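Peer 1: I'd like to ask some things about the structure below.
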Amino acid sequence: MNLSEIESKEIMPGYHGKLVHGEQMSWAFWEVELGAKVPEHHHIHEQIMHVVEGTFEFTLDGVTKTYGPGDVVIIPSNAPHSGKAITACKLMDIFSPVREEYK
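First residue of the sequence shown: 1, per full-length UniProt numbering; consecutive thereafter.
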């Protein structure tokens with residue numbers, strides 16, 4: 001499989017993702033539009049976010065920080081979180097277990 005062969009899906013406004021699913025995890029490659037927001041939410045999935053390009057404001061458990069290229073955030077299961085693209089961004093997320101709703 002090659003990422004160039006995977007169709008991008010707009011999962012939420014401004015978040016265009018190429019999604020890869022294994023038996024126990026999902027891997028998302030996001031292209032995020034400037035200003036695109038993810039409202040506060042939580043889910044059972046443990047998540048790891050990696051900022052590949054751009055600047056992303058992220059709030060985890062009520063603490064807001066700004067992240068840039070190379071930064072990694074570990075998001076525990078059921079932890080409330082939200083985010084906003086300060087610039088256009090490329091992000092990677094890993095989720096475990098599989099994000100069935102992203103299939």
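The beta-carbon is built from N, C-alpha and C at its ideal position, and this holds for glycine as well. Since this is a predicted model, take the numbers as computed values, not measurements.
Nearest-angstrom Cα distance between E7 and Y102?
Peer 2: C-alpha separation (whole angstroms): 12 Å.
Peer 1: Please determine if the segment 68 to 80 and the segment 39 to 55 are in contact, where contact requires at least 3 C-beta pairs separated by less than 8 Å.
Peer 2: Judged by Cβ distances under 8 Å, the segment 68 to 80 makes contact with the segment 39 to 55, as three or more pairs qualify.
Peer 1: Which partner residues of I94 appear in the DSSP bridge assignment?
Peer 2: Beta-bridge pairing links I94 to W27 and I48.
Peer 1: Quick check on DSSP: helix, strand or coil for L60?
Peer 2: Strand, per DSSP.
Peer 1: Could you give the distance in angstroms between the alpha-carbon of T55 and the alpha-carbon of L91?
Peer 2: So the two alpha carbons sit approximately 10 Å from each other.
Peer 1: Can you tell me which residues form a DSSP beta bridge with T66?
Peer 2: Per DSSP, E57.
Peer 1: Just confirm the distance between the C-beta atoms of E40 and A85, as a whole number of angstroms; I'd bet it's less than 8 Å.
Peer 2: About 16 Å; that fails the 8 Å criterion.
Peer 1: Can you check DSSP and say which residues form a bridge with Y15?
Peer 2: Bridge partners of Y15: M12 and V32.
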